[in-house]
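Just so we're aligned, residue 835 is where the sequence shown starts under the working numbering, counting upward by one. Each residue gets a CB set at the ideal place from its N, CA and C atoms; glycine is no exception. Below is one structure; the comments refer to it alone.
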Amino acid sequence: MRISRLTPWAAGLAAAALFAVPAAASAGQQRTADAQSGTATATATVDDYYAPAAGKTGAALKTALHDIIKTQSKVSYDGVWNALKVTDQDPANPNNVILVYSGRSQSKSTNGGDPNDWNREHVWAKSHGDFGTATGPGTDLHHLRPEDVTVNSTRGNKDFDMGGGPVSEAPGSYTDADSFEPRDAVKGDVARMLLYMAVRYDGGDGFADLEMNDKVNNGSAPLFGRISLLKQWNQMDPPDAFEQRRNQVIFDTYQHNRNPFIDHPEWVNSIW
């Protein structure tokens, strides 16, 4: 199986050249650009990683991907601080990280719990399944991102939906009593992080079986919505260079597993 970058899902991937993928990427995914055609190819190592999923759809694909990505190294909750300084580094300023909802570039050294610090945002809110900060889902870098303390508090454990009032310090984001809408540039990122969690954690390793639904107000249930909207976001905001680099760094340096929906966004519609 080859990874094709010639589909609509790959829009915007030419920007990948703006980011430097770590040298260790030779163990994972590498791309070589054809100077004349502008096409890209992926090395067989990523194809091999997903080989057990080849040709599958629906529930069989979800099960195959779970079996692939469940093999991972774990990061402690304290270790998340330093990991995020690498995974979310501002490509224009190596001293800063990019805040996920705010889009702001902020000094790596300003992590903490005070107003205007950045802290560790669980995109799959940790109360949805009550896993807290336990090593596993509570520390999985594929859904943890830096965010302003105040914005993180405003988002809380809300499901994702459209509408509401503007979020202070997060231009383009909106919220109401039961939902949060992230800025357009990360709508797809949010969708793919949540869908990764729903595949990775299926109840078989001592944690709740995380699943998607099409509701808000899921509270402490191990559910997240709205899936119909997240599928749209996955299509309208395909993986960009920042997201791809992040996936590669997590694979190479920290957890040694991948988010399959960054590598294959088309699998979202194959499963849901």
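Three or more beta-carbon pairs under 8 Å between the region 930-944 and the region 997-1008, yes or no? yes
Rank 904, 1105, 951, 1102 by C-alpha distance to the C-alpha of residue 974 and give the top, closest one. 904
Using only CA atoms, which one of 1019, 954, 972 lies nearest to residue 981? 954
Decide if residue 1023 is buried, meaning its Cβ has at least 16 other Cβ atoms within 10 Å, or exposed. buried
Using a Cβ-Cβ cutoff of less than 6 Å, which residues in the same chain neighbour residue 914 once the five nearest sequence positions on both sides are dropped? 954, 973, 978
If you reduce the DSSP assignment to three classes, tell me which class residue 977 lands in. coil
Please report the residue range of the alpha helix (DSSP H) in which residue 1098 lies. That residue, residue 1098, is in no alpha helix (DSSP H); it is neither H nor E in DSSP.
Run through DSSP, which three-state label would residue 924 get? strand
Taking the alpha helix (DSSP H) that residue 1076 belongs to, which residues open and close that run? 1075-1083
Neighbourhood of residue 849 by C-beta, 8 Å cutoff - its chain only, sequence neighbours within 5 removed: Confidence at residue 849 is low in this model, with a pLDDT of 36, below 50, so its placement is unreliable and the value that follows should be read with caution. Cβ neighbours of residue 849 beyond the five flanking positions: 1074, 1075.
Helix, strand or coil, according to DSSP, for residue 897 in the structure here? helix
Do residue 946 and residue 1041 have their C-beta atoms within less than 8 Å of each other? no
For a test of the three-state rule: what should DSSP assign to residue 1006, helix, strand or coil? strand
According to DSSP, simplified to helix, strand and coil, what is residue 916? helix
Could you tell me whether the region 1007-1016 touches the region 1076-1093, where touching means 3 or more Cβ pairs closer than 8 Å? no
Determine the burial state of residue 921: buried for a count of at least 16 other Cβ atoms within 10 Å of its Cβ, exposed for fewer. buried
State the DSSP-derived secondary structure class of residue 1060, mapped to helix, strand or coil. coil
Find the nearest neighbour of residue 1093 within the set 968, 902, 893, 909, judged by alpha-carbon distance. 902
Going by beta carbon distance, what residues of the same chain come within less than 8 Å of residue 950, once the five residues before and after it are set aside? 944, 982, 983, 984
Mapping DSSP to helix, strand and coil, what is residue 999? strand
For the putative contact between residue 1070 and residue 1021, defined by C-beta atoms under 8 Å, what is the C-beta separation to the nearest angstrom? 7 Å
Please classify residue 888 as buried or exposed, where buried requires at least 16 neighbouring CB atoms within 10 angstroms. exposed
How close, in whole Å, do the beta carbons of residue 1030 and residue 1095 come, if the pair is a contact with beta carbons under 8 Å? 6 Å
Hey, could you find the ends of the beta strand (DSSP E) residue 953 is sitting in? 952-956
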